[in-house]
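*Asks:*
2 protein chains.
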Amino acid sequence: MSDFNLGSMVKDHRKRAGLTQLELANLAGIGKTTVFDIEKDKETVRWSNLLAVLQVLNIAVEFKSPLAENV
Amino acid sequence: MSDFNLGSMVKDHRKRAGLTQLELANLAGIGKTTVFDIEKDKETVRWSNLLAVLQVLNIAVEFKSPLAENV
DNA sequence: ATAAAATTACTGCTATAGCGGTAATAATAA
DNA sequence: TTATTATTACCGCTATAGCAGTAATTTTAT
Chain A
2 MSDFNLGSMV KDHRKRAGLT QLELANLAGI GKTTVFDIEK DKETVRWSNL LAVLQVLNIA
62 VEFKSPLAEN V
Chain B
2 MSDFNLGSMV KDHRKRAGLT QLELANLAGI GKTTVFDIEK DKETVRWSNL LAVLQVLNIA
62 VEFKSPLAEN V
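Chains A and B are the protein sequences, given in the same order. Using the numbering used here, the first residue of the first sequence is number 2, and each one after it goes up by one. Using the numbering used here, the first residue of the second sequence is number 2, and each one after it goes up by one.
Following this line, the structure appears as structure tokens:
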């Protein structure tokens, strides 16, 4: 969990969606190289690009902290 | 919650930790400008830089999808 | 009030992420 | 097997995130 790798999750979801890296890249509006990088757990990718990929794959992001957060 | 802004969460946690933007930047090993950008919800920041800030503030990130994922 | 600290904003410069193109493997299908 | 598709890998080039420095503005003290 601490070092759970996002890359394999993305790859798994992409496969399940029946998409190639290129197709996912086009849907997310980014380059194929970046999709490849994300699946390789490259962390220097842009947050916006990662978000775009996650949205296409219907993966939600949640931020949690020990502090009570009444937003 | 769909478009909850991460920036204010970061800012709130930073304040609670009694840190200035500069101090947080130093602790995270990034520039003060980037901390400012993150709090302004700039999404083109690097994932690695965002992660560094979240770690300092003890904010965890979780990825969720409708597909059963046994992490 | 004035002073000090913090935040916001802007400016060049540098480093590098992102990109398409290409090529080489690897996996899948015929 | 061979052919097709997908993935991985590498290459220059370009765009821009990140940076320190600075200054203006805002906030928080005294």
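Every residue, glycine too, gets a C-beta built ideally from N, C-alpha and C.
1. Would you say B/Thr45 reaches chain A, if we count a Cβ-Cβ gap shorter than 8 angstroms as a contact?
2. Are the Cβ atoms of B/Phe64 and A/Val46 separated by less than 8 angstroms?
3. Against B/Val62, what residues of chain A qualify as contacts under a CB-to-CB distance less than 7 angstroms, listed in chain order?
4. Return the CA-CA distance between B/Gln56 and A/Gly32, expressed in angstroms with no decimal places.
5. Using a Cβ-Cβ cutoff of 7 angstroms, what residues of the region 8–29 of chain A are near chain B? List them in chain order.
6. Can you give, in chain order, each stretch of the beta strand (DSSP E) that sits fully within the region 36–66 of chain A and has at least 3 residues?
7. Check whether chain B comes within 8 angstroms of A/Asn6, counting only Cβ atoms and requiring the distance to be less than that.
*Replies:* Put simply:
1. yes
2. no
3. Val62 and Phe64
4. 28 angstroms
5. Met10, His14 and Arg17
6. 61–65
7. no
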